[in-house]
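Counting in this note's numbering, the sequence shown runs from 39 upward without gaps.
Just so it is clear, CB atoms sit at the ideal spot from N, CA and C, and this is done for glycine as well.
All values reported here derive from a predicted model rather than from experimental measurement.
Encoded as structure tokens, the structure appears first; notes follow it.
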Amino acid sequence: MAPIPNIGRPAAHALKTIGITSLEQLTGVDKENLSRVHGIGPKAMDILERELERKELTFKKHEPLPFTPGFGVFGSLGCNNAPKKEILRDFAISFVEGNKNGLGMTCNEDVKFQVVKNEELRGIEEVYQYISRDKYNVSSLELKSLITHGKEAGAYGSLVTVEGEKIELAWFIHFKSHKKDALIQDISFFEVR
């Protein structure tokens, strides 16, 4: 495995915090998302791209999202025409970003939100107040697993803050119905720091 070229200490540290330690691992991430990771600037991106080309490698093809978060999002983001998986993906990103509009597009107005071992919230406004209060200073989010079946779903991911803290997140979800465009009705949320 080829080592990461000299891209400067902040950029090298940013790559390390998201688990990238070799040039080959860069083929699993897309350029657009990587450029949004805190600490990786245009100069580092140019160096990485040139080194990939020199090794006859490329960044992963960009999987567009319906909105652009202010941080890098990695993982299997393409939902292959699975509408509930798209809702789950968009909810997880909106939750981490503190995006009220995104929550409104993915959750029922009277959504029930259970913070495991902590508190229960009712309605989009209470959920938004919770995530605004505990908003993460996000550098990147990796969605490791998005699973849907009928009315049930689960998502697991990890985020890295700008300060370098890694936080594991999981959501267990019930949709309002079996319909493909059903919104989220119940959420149980776990966070491990």
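When burial is assigned at 16 or more other CB atoms within 10 Å of the CB, is residue 123 buried or exposed? buried
Return the residue from the list 217, 216, 192, 215 that minimises the CA-CA distance to residue 209. 192
Considering Cα atoms alone, identify which of 130, 74, 79 is closest to residue 45. 79
Contact between the region 91-104 and the region 197-208: three or more CB pairs below 8 Å? no
Evaluate contact between the region 105-120 and the region 66-81, counting only Cβ atoms and requiring at least three cross-stretch pairs below 8 Å. yes
What does a CB cutoff of less than 6 Å around residue 173 pick up in its chain, not counting 5 residues either side in sequence? 136
Quick one, are the C-beta atoms of residue 133 and residue 169 less than 9 Å apart? yes
Residue 44 (DSSP reduced to helix, strand or coil): coil
Supposed contact pair residue 57 and residue 98 - C-beta distance, whole angstroms, cut 8 Å: With 8 Å as the limit, residue 98 and residue 57 do not qualify as a contact, their Cβ atoms being about 15 Å apart.
Among 158, 127, 176, which residue has its Cα nearest to the Cα of residue 184? 127
Going by DSSP in three states, residue 133 sits in which element: helix, strand or coil? helix
May I have the straight-line CA-CA distance separating residue 205 from residue 131, to the nearest angstrom? 14 Å
Can you check which of these residues, 40, 224, 229, 105, is closest to residue 190 by C-alpha distance? 224
N-terminal and C-terminal residue of the alpha helix (DSSP H) that residue 199 is part of: Per DSSP, residue 199 belongs to no alpha helix (DSSP H); it is in the beta strand (DSSP E), 190-199.
Give me the Cα-Cα distance between residue 20 and residue 203, rounded to the nearest whole angstrom. The requested residue 20 does not occur in the structure, where the chain is confined to residues 39 to 231.
Per DSSP, what are the beta-bridge partners of residue 160 in this structure? 150
Going by beta carbon distance, what residues of the same chain come within less than 8 Å of residue 108, once the five residues before and after it are set aside? 74, 135, 176
Please classify residue 154 as buried or exposed, where buried requires at least 16 other C-beta atoms within 10 Å of its C-beta. exposed
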